[in-house]
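Chains as they are written, first to last, in our numbering: chain A, 51 to 318; chain B, 51 to 318; chain C, 1477 to 1767; chain D, 1477 to 1767.
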């Protein structure tokens, strides 16, 4: 998706940029037994996967949708999910196979998602804002987001944390989160586990186990809870204690910058 | 299919064997705009296709099902449709693609068929003789024969012309011919053109345009119409004049033996 | 049979004005058959319905910018990390372009159904919770699973009348090799009634024969082969050259204004033949790519 | 993660006694994963239902000869130009083996449906005129095409609990390369819950990485890798060795008698470990093949 609202990093040059911090936050949520898949403009999750493999989850598998390189090894990381360089990988398969396997429901355990709109229950929308027939903003389209209904854990990320992106209810439900909450989620009987985390330039969020609404977990360095609440277009669940997001270690940053040697995340 | 009843050739060593004559008969029925497909134990139609390409139909395409070599070029010809040598071809595709395209109905124009039983309307059976639950003969199985319903022209060949093979009605309809004749054929509304020819060690047959029953076209050298009628387990349509099957030219035989340099057809 | 045609003749012969369903291969800004697309624009062939791969890009954008597309069946049109597709976006917003909302699963499985003569493509349970099918009742229906009795989503088969597909190499009979990623181009070629291939170069059959099973398109599916070295520009051609992001950024800057897309079409496409276009793009930065 | 296991451990761990649906790869007498099949026989694991590719061969015949198979879903079991499969034929004729009649289209599209979580596999119009589906009401149903209202044939998805598949090479993580023909082995691997790969050799990942898109099985689908050079014997291994027709003709001669198949199993499989079997097959005629 288009990431036009990237918050620039005000920290010292040596410190992590916001996007680098976000990559570390995503990496932290990947496990050695995961098979992750990601699509359009997915430099951030690709870097997160490579970082996870290089640190705590060496057995992680990830597929860069588009080219469908399996565990692409390249440095520098590339901004397009269809770059030929992503075929420098353990192996690669046709996209039609990956699309097929996305439907199996027990192959890919993690799916990275995002949206022009992301709502309180983690539903994502890349199609249109306003009435779909005459939208105020026509997005590119939903690509593979309907598969979110079948995948183990959905990790949502966006560079735009503002009330236009974070809305109470998406205008078009392309990528299902917890739908309209506990009742509709239970009624749908989906095999997927739903959204597991939302990583933004301001904070990392999870979901309240009762209401299945987005719930603040940690705030990034220099960000206040109030700022998150103001930037979110719905009432985010705020626990009594909101710890700061852990800072990446020097080792994590060094590895990450070795992967992202063109600095795709550095200035963002 | 198993070809246990091959009639041995009584002619001079230099003349064509029965199987060679049959290959020429099949080749004659292929056109330059055909795309032909064949399966199990298909040395005979493969040789026929190569012969046709080398003579009157250079633009013919053929796919050796199994390996799915496209226009395999090898000499010697091989008896298995899955032989690795069949990949010495213009190109090759996965079998799953060929199976898919067989269903499209407008890609393959010729399908070679055969059977443990072949009936008066050209239906083929490779599954079982007698009651399917406790058959007197269990055949190997029907493979892709149901696709006959969708293909332009079906060319049937068998090395066994006897009343056990040529029966009034197949016990199991695996590969559809003209079903139960004109009424059922019309009712089925199939997109395929049905069987176009039947080539055996005794003769070449077509189908009567009114009754859609097998109709004698030509008898092979040294074979009488009476012999064909006796060897056929149903009443074959016999026209007033039954010409002899044209003899292969010396050029055809020379080309054929260049392809079949291991002599798969020579002694049969 | 020699299927090699000039760019002009291939499009004139196979892409008829008012074509019912035209599919364009490639994915995002990679392997878009742009020379064929530009020639469609030059000849002004109108397209009743355009179908993209799961991610259309400059292939769809240019045809829309030229005003040739009545409807589009797609799950994505955009410039990936470079931004939204301005002509697509504007036409969809003002209602001049009807969008048949699809998702990646439907495009892929719908093409597969088209390739196989399969009557329809049932989709995995759970996909029905998205709004996609509700927005596109023509392409999607609910159907009862005859084995479980549950209602599942099904897509109509996708049978392009014509597919424009890029491959790295082909022989004169149309046997083609895909270099790099396949995207869904092989499936698209299998599903289409007519396939027009754009290739970097025509090679002897012996070159094609060396490639292993699974990497080629058989020639019996292909109706015309057009050799246009560099013809994917400004998109990438895997194995040959990369995306010309500078060119695309210039397009995006120009297309920011409402008349921008048409101005681009006039200047870069209608205003010059393909050879002149490609010649003009041999800027120092991308010169090697078209050598 | 190193997935390389011994033949014994791979079968013991992944092919449980009474396995619900066991699929065996290869087609006709080529690329049959015979070392794995023989080990299943040695361990005596019973198979509730066996699934072959469109053309099963010695892979199915041996399991049936060993008396391990309750039901078989297949569209062909035989020895192609060498003749019928005696144990299969006899067991089907005397009713001791239940045959679920399939055709090539259903096996291929049913596995595709299994791989994709697709609820079922609608089949091309016209296939319903054959008797196949009437003989197998468990696997086939008629369903109304929601787009045309016509009744079409549909097959149930095929989801093997375990697939035994041969590949030429794999790395320790299970990324595998298919040499030669693919048959339906890639689709079978995608459809199965557990994949046990038999390979000619284990190679570094760098070797796998050199192969192009479309020729490999990704390791995340694979649960165990077993290295058995020569392990397809007496069937062929594309890229490595040919069919041992002499051995198979000896089997067919022996199996002409009712007790023949079991005698073969006792002598050649239960009576010896895999290494001894392969050693014994290094006869002068086929010696090079196993070098």
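Note that the Cβ used here is the ideal one computed from N, Cα and C, for glycine as well.
Checklist entry - Taking Cβ to Cβ, would you say residue 1594(D) is nearer than 8 Å to residue 1710(C)? => result no
Checklist entry - Roughly how many angstroms lie between the CA atoms of residue 1548(D) and residue 245(A), to the nearest whole one? => result 41 Å
Checklist entry - Hey, does residue 105(B) have any beta-carbon neighbour from chain C nearer than 8 Å? => result no
Next on the checklist: Quick check for students: name the residue ranges of the alpha helix (DSSP H) that lie wholly in the segment 56-124 of chain A, counting only runs of 4 or more.
Outcome noted: 68-78, 93-104
Checklist entry - residue 1651(C) by DSSP, collapsed to three states: which one? => result coil
Next on the checklist: Give me the DSSP bridge partner(s) of residue 1504(C).
Outcome noted: Paired residues: none, contrary to the question.
Next on the checklist: My parser needs the beta strand (DSSP E) runs of 3 or more residues fully inside the segment 1533-1601 of chain C; what are they?
Outcome noted: 1545-1550, 1574-1577
Checklist entry - By DSSP, does residue 1685(C) sit in helix, in strand, or in coil? => result helix
Next on the checklist: Can you pull out the residues from the segment 1585-1619 of chain C whose beta carbon lies closer than 7 Å to at least one beta carbon of chain A?
Outcome noted: 1600, 1602, 1603, 1605, 1606, 1607, 1608, 1611
Next on the checklist: Looking only at its chain, what residues have a beta carbon closer than 7 Å to the beta carbon of residue 125(B), apart from the 5 residues adjacent to it on each side?
Outcome noted: 308, 309, 311
Checklist entry - Should residue 57(A) go down as buried or exposed, given a rule of 16 or more other Cβ atoms within 10 Å for buried? => result Legend: pLDDT at residue 57(A) = 36, less than 50; position of this residue unreliable, value from coordinates given subsequently. By the neighbour-count rule (16 or more Cβ atoms within 10 Å), residue 57(A) is buried.
Next on the checklist: For a test of the three-state rule: what should DSSP assign to residue 318(A), helix, strand or coil?
Outcome noted: coil
Next on the checklist: Which residues of the segment 1653-1686 of chain D have a Cβ closer than 8 Å to any Cβ of chain F? Give them in chain order.
Outcome noted: Going by chain labels, chain F is absent from the structure shown, which instead holds the protein chains A, B, C and D.
Checklist entry - Looking at the unbroken beta strand (DSSP E) that takes in residue 1631(D), where does it start and where does it end? => result 1627-1631
Next on the checklist: Our contact map puts residue 1645(D) next to residue 1675(D) with C-beta atoms below 8 Å; I'd like the distance itself, whole angstroms only.
Outcome noted: 6 Å
Next on the checklist: Give me the residue from 1477(D), 1531(D), 1648(D) with the minimum Cα distance to residue 132(B).
Outcome noted: 1531(D)
Checklist entry - Below 8 Å between beta carbons: does that hold for residue 117(A) and residue 1657(C)? => result yes
Item to check | Buried versus exposed, by CB contacts within 10 Å (16 or more), residue 1572(C) | outcome: exposed
Checklist entry - What does DSSP give as the partner residues of residue 174(A) in its beta bridges? => result 168(A), 225(A)
Next on the checklist: Only counting the same chain, and skipping five residues up and downstream in sequence, which positions put a Cβ closer than 6 Å to that of residue 1569(D)?
Outcome noted: none
Item to check | Other residues of its chain near residue 1768(C): CB distance less than 8 Å, five sequence neighbours each side excluded | outcome: Any answer about residue 1768(C) is impossible in this case: the structure gives chain C only from 1477 up to 1767.
Next on the checklist: Just to confirm, is the Cβ distance from residue 196(B) to residue 225(B) under 8 Å?
Outcome noted: yes
Next on the checklist: Under 7 Å, CB to CB, which of the residues in the segment 141-154 of chain B have a partner in chain C?
Outcome noted: 141, 142, 143, 144, 147, 150, 151, 153, 154
Checklist entry - Since residue 1484(D) sits in a beta bridge, which residues does DSSP pair it with? => result According to DSSP, which records beta bridges pairwise, residue 1484(D) is partnered with nothing at all.
Item to check | Continuous beta strand (DSSP E) assignments of at least 3 residues falling wholly in the segment 262-307 of chain A | outcome: 264-269
Checklist entry - Rounded to a whole number of angstroms, what is the C-alpha to C-alpha distance between residue 217(A) and residue 170(A)? => result 7 Å
Item to check | Whether residue 1651(C) touches residue 1694(C) by CB criterion (8 Å) | outcome: yes
Checklist entry - Among all the DSSP beta bridges, which residues are the ones paired with residue 257(A)? => result 264(A)
Checklist entry - Going by beta carbon distance, what residues of the same chain come within less than 6 Å of residue 1612(D), once the five residues before and after it are set aside? => result 1576, 1577
Checklist entry - Are any of the Cβ atoms in chain C nearer than 8 Å to that of residue 120(B)? => result yes
Checklist entry - What first and last residue would you give for the beta strand (DSSP E) that runs through residue 246(A)? => result 245-249
Next on the checklist: Taking the alpha-carbon of residue 99(A) as reference, which of 200(A), 90(A), 81(A) has the nearest alpha-carbon?
Outcome noted: 81(A)
Checklist entry - Is residue 1579(C) close to chain A, meaning its C-beta is less than 8 Å from at least one C-beta of that chain? => result yes
Item to check | First through last residue of the alpha helix (DSSP H) which encompasses residue 200(B) | outcome: Looking at the DSSP string, residue 200(B) is not in any alpha helix (DSSP H), and its letter there is neither H nor E.
Next on the checklist: How far does the beta strand (DSSP E) with residue 1619(C) in it extend, from its first residue to its last?
Outcome noted: 1616-1620
Item to check | C-beta neighbour in chain C for residue 1636(D), strict 8 Å | outcome: no
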